[in-house]
Each structure stands twice: as C-alpha cells, then as structure tokens.
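In the UniProt record's numbering, the protein residues as written are 1 to 961. Since the structure comes first, as structure tokens, the remarks are kept for the end.
So this is what it looks like as structure tokens:
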C-alpha cells in the first residue's frame, strides 16, 4: 500500500475553486510520476525538515485486499476455515487517511493514540465531513469560502465555550465599590508597606484629602492626572484620589525615561501631575504639579467628595508600545475594571486574602493587584523592587506575611522558580502570565506546592488585563493552555475575513465582553482597525489581539504565536517598529532592523543597523536609553554594511546575520586584576552570554536588566557565599565598583562577625581557621564539596589579643555542646591548635582536629612580610585594610609556639607536591601533641590544596574521617 509514495504539497491559490484545485492536483501528481521510484525516506532526508517533513499520509486503497483475504479463507478445499476477517495495514505516520472504493466510498482514520485522543479525531471527522459535503454540493465555490464548521460545532463554540455571563455590579464605579468596602470593614488593613499599615478607613480619608486638593487646584471631572511614582502607598492613595475627583489617572513609572513621560503627559493633555514625595527631581511638567506624601495627608481635610462619575467614564490610560515609533494609550473605563475583579470565575478574593503588588505601576497587571484586593476587602502589600528580586527575601516575605494571592510575569516566575520552586508553598493562588510558560518549571512548582492553585493567565491591556485563565491540575510536557474566558468575557478564533474557525484550526484570537477598552487615545484609525463589531452579539465589540491560537476540544484555548511582528519581553509588549523608528532618529544611524531571538528560554532583542564608524554601539545605546524604557533596549548589536532585501525591496529580517559566538574586537578592555574581579567577570559572562567583559563595563549597558541582576545575586550567594541585595548592583554596576564594595563588605563582616557560614547545612559542623591571608572565605570551594555532609564555618583572623577567647565563644554560640571538629590550614593549623587547647581547658570536647599542611611550631620565627605583589591589584579603598590584617596575622604567627597537648584526634594531611628546594626536613609533625594521630598524603602543592581539582581530592580524604 505504501509503495511508490511521493509527497505532494497542496496549497490553495487565492479564489481557486474546489474543481480547479482537483485539476491542478491531478496535473502536479502526473508531473511527479517520474519520481515515484524515489524512496520516500530519501526525499525526506534531502529536505530541511528531514523526517519531520511528513507526519500524515493519504492512501487510496484500490487493491481489494480485504476481499482477497476473505476469498482465500473461504476456500472449500482448505483444511483451515477462517471467518470474520478484518484487515488493516499499519504505517509509521501519526495520522493516516485511508480511502477505500466500493459501492460506497469508505474513509477510515488510522492514528497514533499517543498523539491524538478520541476528542481530536471526532473534531477532525466532523470537519472533514463538513468539507466533503460542501465540496460535493458546491464544486465551483472558492476554497477560501468553504466552511469546515457545522451548526453543532458553531453552537458549541459560540454558546458553550463562551457561556461566561455572571451577575456583577456593572452599574457601579470603582469608587462606589471601594466606599462600600470602607463601610463594611473600616478597620480592616487595606495597605501594608514596610512597617506602615493603613486601614480601609484611613486610606479613604487620605485619598479624600488628596482629591480635595486636586479639585481646589482646578482639576475637573473627566480630566487626566499623571501619577509619577514607584511602588508606594502614595501611588495607591493618588489613584483613589484621582478617581474620587472624577478623573482618569495616567500611571508613570519613576524608571521611565523623562522624554517618554513628557510625551504621555502631553498626549493625554494631563491637567495635573501628582509626584510621590522624594521623586520631585524626576518631574518636568509645565502644568500643576502636586507632591503626594502619605504621612502629610493624614492631617488634611478628609471629608468625602461627591463624585458623579459613571461606569463608562475613563478610569485610567495605560500606554503600550506602538508601531509608529510612539507608544499608544489604551483607554480603560470604570466598568472594565469592575468586570475584571467582581464575581469572576478565576478569582474568589475576600477579606481573608492578602495580595502583593509586584508589577510596574505602568504594567496592566497592577490593575488586578490593586482593585482585586481593595474592591473585595483584602489587604494589599506593597514591597520594594529589591525584596521582590531577591528570592530568599521574597520567599520569606510571602511566608511571614501569609500572602495568599500573587501574580508574576512569566520571566520573573521563571527566575524565582529556578532558584526556589517551593517558595510559593504558602500561597493559595498564583497567577503567571505575559509569555508562554515553561512546562518544566510549572510542573516543579506544582509538585513542590501541592496545595497551590496554579493558573496560566492571558490577556492584552486592551481587554483590561486578563481575558482567559487556566488552572494547571496535572503535569504538561507540551504547551500549557491559556484556558477559557473569564466571567463576562468571550473569545473566538477568526480567520482573516472575520469568520469563525472550528476547533483545532489556528486563527486570530479575538476577545470580547465587558473588559474591552474604549480604544486608543487619539488613534481612531487604529481603534477602528482593531476594535471591531461583535460578530455574534449586536451592539458589542471585540478586540483583535494579533495572537495566533486555536480551540482545544475541551473548550480551552492554546496560544501558538504572534501573527504580526509584535514581541513580548519580560511580560511587556514591544513593537519592534517603535525601536527602529527611534534608532533612525539617532545620529549616525541610516537603517535599522530589530528582531528577537530565544536564548535559554528568554527573548532577547537584536539591533542590526547601518551606520558610520564615528559612533560606537555604546553611544547609540546610551542615546536610545534616554527615550525608551530599559526593556526596549536591544541586548545585542550588529553593525552591517547594508541590509539584506527581499524581492519586493523590503528588509529581509530572516537573512540578517546572527552574531557569532566569539569575542568581539574591542579596544581598551581592562581585564580582572584580582580574584574577586575575576569571579565577578565569570559570573557576568555566564549570565549575559558574552565572552568578553571589561571591568569598567556597565552591567545594564551590555545587556543586563533586573532579572539578569537577580541571577547574578543568586549566583554570588550560592557559589561565592556573598549575600547582597539587588540595589547593590544597581548602585555599583561595573565589576571594578562592585568588587571594591564587596571587598569592603567582606572586611566589615570580618571585623563585626569573625565567622562566615559557607554552605547550607550538614550533619556535622566544621570550624575552619584561615591561612595567612586571614579570611574565612578561603574555604568556599571546600564548603561546596562538603555541603550536605558538613556545615562549614570559615573564621577570619581576629586582630584583637582576645582572639582565642572570641573564637571559643563564637563556636559555642553556634554549637552549644560538643563534640567539636576543627580544621586549620597552613598558619590556621597553628592558630586552631591554640583554640583547641583553650576549649579543652573549659571542659569542651574536641573530637577531631584536621590539620592541612601545617607543622608544629616549636620556636618563634622572624617576621618576613616581603613584597606582596597581589596587593597591587586590590582596590585602593581596601588595600591597606587587607594588608593590615595580613601583617597582624604574620606577626602573631611568627611569635606563636605550639606547646602542650590536646586529647582530640589529629588528622594531618600533608601536601602532595613539595618545592624542589625543600624536603620538609627539620619540620615537626603532630604525633606527640595529641591523643590519636593519623597522617595522609594529600594532593597538590601547599598553596593549591583547597582550590579547584585538588580541593575535590583532599575533600574526599576529609570525608573518610
């Protein structure tokens, strides 16, 4: 049956009828007949898709195989009689359509049940039958006009899949519902920010006071007021104040470039600009400017204001990237917001819930976070960016404050889940959205947090934040559905002519319902193009999302891709045309093309440009950063001599060169000068995916952003045992600056704490005393190797004369009772011997003392500090402090005598490689100074024993004790 099979591509032409298609296909098959002897396997192997070229096959079974077998079985002279013969032939393809002639045409589906379930096959059967019926009745109808949708399936999609109507207070405004909540629970906590807690009654009063001030300064109903703020109570108070004054608010993130802020204020004709206290320097506004101060507002006139706003009045204007080179403002009404958060099927928020604000104030998810909490009696926690981007601190905050509801962009979720998949364990509901989800990470979180309701959430700003939702109740290997429409919303898959498409067929996802925005501010052309009359509900509208999706048989939607060039970076929509337009405004840029590529699951922007040699990439990037937000700045830059073009003269983006993964030719590269700078450079290369780093490169100017910074912070903590907040990197964005501050931080820690814990945990504590460098961080490689086996504590050299007593006290604070295990390396061996004696004198049991290549000191030695060449490479600000500690340690060690005896067992590990000038003669070992004595031949030279591969081998010796 599968002999002489050849692949045929059937692609309909515009306005081609079914009859014309049949004739053309017949002609093409006849033309292909000379190639029927070519093995199908070879044909596939010679294509780019290889064996993925074909996953289905159509067979016209005109050989009467069934009858032949039946006739053979029915022969009277045969000793064996066979009846009820059924014959089927198997293929290696996932789907086979078999056509068998006879008195009636018989069509059979043979399919791989691991790929297609019965529901899918039922849909295919229904749609195929509909297509055949149409073809038989209307052979001269254009294929483009064929409908694969029968009445039953249309009813299923329009009525069943979109049965989302619920009762909600659609005739109320946001302020109506907020005031109702104030009446219900006046003393319940509304906002939490650090140590500040504001009740519903207090929030109402403070926003009343600011609203009165707005009106007194001339603000009128249906006007717009900008709010320039960061995450803060002032932002929430300002939002409520503008709404109470009858206006619409314009959220302006304090991190936006000033030019972008000015454009938004000008286009919206904002009458007022409310600025959070402390951000006054960011405000450049010709109109009336007001300062919002949560504390000062407590003393103002806080009596209620009579607002006559209606549900159809604007609540806010939120800007998204625009293809014209300027952002476009989406106009959202009160009713849009109320429909999002009131009596909806995806959320059941109540006064028992605690939400948290994670998104930028100019990102649409903040609408759900704010009003999902405050219009349902819940508490809203507002946290700083640093806490949110530090996994351990964020996880602790979620647990300590009993947060129940959380929304995260996909990009932030991915970063946090990779670090700690169990950090969401205390939540009731987690919503993740903005980009396609990672099944592996979602599965991991689902398993680590079994009681968590985990949702994939989807929606454009133009449909008020959320349009569909899907609760993940099982593991997924492939794409996770975006789910079903939320309450009072609808969703349809339409073709290019606006016709309904059947289940399984990809098309444009169009959303409708009470969340559909008014349109785009001052952009009637774009509003008319993307906001269309509802095809099934007269008087309503739908929004064409530009997303390619399809229905699944169970009524869930599956996102596939974008139809146009729009992209999403870290959950934020980006029009590459806007970046290109701004690039063309830059001096020295003649042509520009912006594309996106996936790197390690993250979308990254590439800017290809034609320009002169006078302007560097760094200069162009800096100019662009003055007019576009950071997430719209390309991470990769490629200068080309000319743009590749298509046949019709347009830029061929598929032919743009991909930067080779090799070091770029750069001038004035400053290489790392010390260990800390070298380790930072390696981390930056790994996180940023680059091969060349100069220690004066700005992290955020060479492709870094807040989520990349999160990776750096996490790597520093878990590889180098350096715990810093993300603000530290924002304030010191070059390797040189960061290394200097880290040195200073380590020095302060050494002065204040004397000990550093170098790994997570272990069955036994191991207290380590440092070599002559004087810092406990030296044992970081050993700690990594001993994790789970031993909790490694690295002591710094204590410069005070009371050092021995301080070491003992420090150990007993960590571990109140023995037995204790000590380790001393080089000079640290001699120091630790003195500590062990002091512990035994106090009645503390030291069971084991590990000495790494240190010998018993029986006489003082002259102090020989010499020239330390490495000191020249230390940051100048810390050089003297580091050398002072080392000199003091050398002075102490030089005069130290190891006298006496300890009960502890000594395990002596001697270096495996000795200098040629030394045979270690005349050096005294420790067998006479302890209870039990064991000696081992270690690996590596003295200075290398606890680093790199030698550390691994010597750690194995330690683990055998």
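Ideal Cβ placement from N, Cα and C applies to all residues, glycine included.
In the three-state reduction of the DSSP assignment, residue 645 falls in the strand class. Counting along the chain, residue 253 sits inside the beta strand (DSSP E) bounded by residues 248–253. Unbroken beta strand (DSSP E) stretches of 3 residues or longer found wholly inside the segment 193–218: 196–199, given in chain order. Under DSSP, residue 935 shares a beta bridge with 908. Straight through space, the alpha carbons of residue 589 and residue 629 are spaced by roughly 20 angstroms. If you look at residue 123, you'll find it in the alpha helix (DSSP H) that goes 118–137.
Residue 15 sits in coil when the DSSP states are folded into three classes, being neither helix nor strand. Per DSSP, residue 690 lies in no alpha helix (DSSP H) and is assigned neither H nor E. Closest in alpha carbon position to residue 164, among 886, 467, 923 and 502, is 467.
For the segment 935–959, the full-length alpha helix (DSSP H) segments reaching 4 residues or more read 948–959 along the chain. Separation of residue 475 and residue 456 (C-alpha to C-alpha, rounded to the nearest whole angstrom) is 13 angstroms. Partner residues in the beta bridge of residue 541, as assigned by DSSP, are 533. Closest in alpha carbon position to residue 837, among 802, 898 and 784, is 898. Taking a cut-off of 8 angstroms for Cβ pairs, the segment 205–222 and the segment 316–331 do not touch, as fewer than three such pairs fall below it. Between the segment 147–165 and the segment 551–569, the count of Cβ pairs shorter than 8 angstroms is three or higher; the stretches touch. Shown here, residue 507 sits in a strand according to DSSP, grouped into three states.
For residue 447, the enclosing alpha helix (DSSP H) begins and ends at 439–448.
Closest in C-alpha terms to residue 423, from the list 391, 624 and 689, comes 391.
Assigned with DSSP and collapsed to three states, residue 363 falls in coil, not helix or strand. In this structure residue 445 does not touch residue 428 by the C-beta definition: roughly 14 angstroms separates them, more than the 8 angstroms allowed. 191 is the residue among 261, 191 and 306 whose C-alpha sits nearest the C-alpha of residue 234. Per DSSP, the continuous beta strand (DSSP E) segment holding residue 276 begins and ends at 272–276. Remark: three or more beta-carbon pairs, one from each stretch, lie closer than 8 angstroms, so the segment 173–193 and the segment 364–381 are flagged as touching. Distance from the CA atom of residue 320 to the CA atom of residue 679, rounded to whole angstroms, is 39 angstroms.
As for any alpha helix (DSSP H) of minimum length 4 sitting wholly inside the segment 297–341, the runs are 334–341, ordered along the chain. In the assembly as shown, residue 792 is a buried residue. Its beta-carbon has 16 or more other beta-carbons within 10 Å. In the DSSP annotation of this structure, residue 466 is not part of any beta strand (DSSP E), being labelled neither H nor E. Membership of residue 727 in the alpha helix (DSSP H) is indicated by the continuous run 726–731.
Using a C-beta cut-off of 8 angstroms, the segment 685–700 makes contact with the segment 724–739, since at least three inter-stretch Cβ pairs fall below that distance. Of all alpha-carbon atoms in 829, 860 and 834, the one lying nearest the alpha-carbon of residue 851 is that of 829. In the same chain as residue 366, and ignoring 5 residues on each side of it, the C-beta atoms closer than 8 angstroms to its own belong to 251, 357, 359 and 360, in chain order.
Residue 227 and residue 204 have their alpha carbons spaced roughly 18 angstroms apart. Under the DSSP definition of a beta bridge, residue 794 partners with 756 and 768. In the three-state DSSP reduction, residue 833 falls in the helix class (H, G or I). Setting aside the 5 residues that flank it on each side, residue 627 is surrounded in the same chain by 257, 259 and 582, each with a C-beta closer than 6 angstroms to its C-beta; the list follows chain order. In this model, residue 959 and residue 786 are separated by some 8 angstroms (Cα to Cα).
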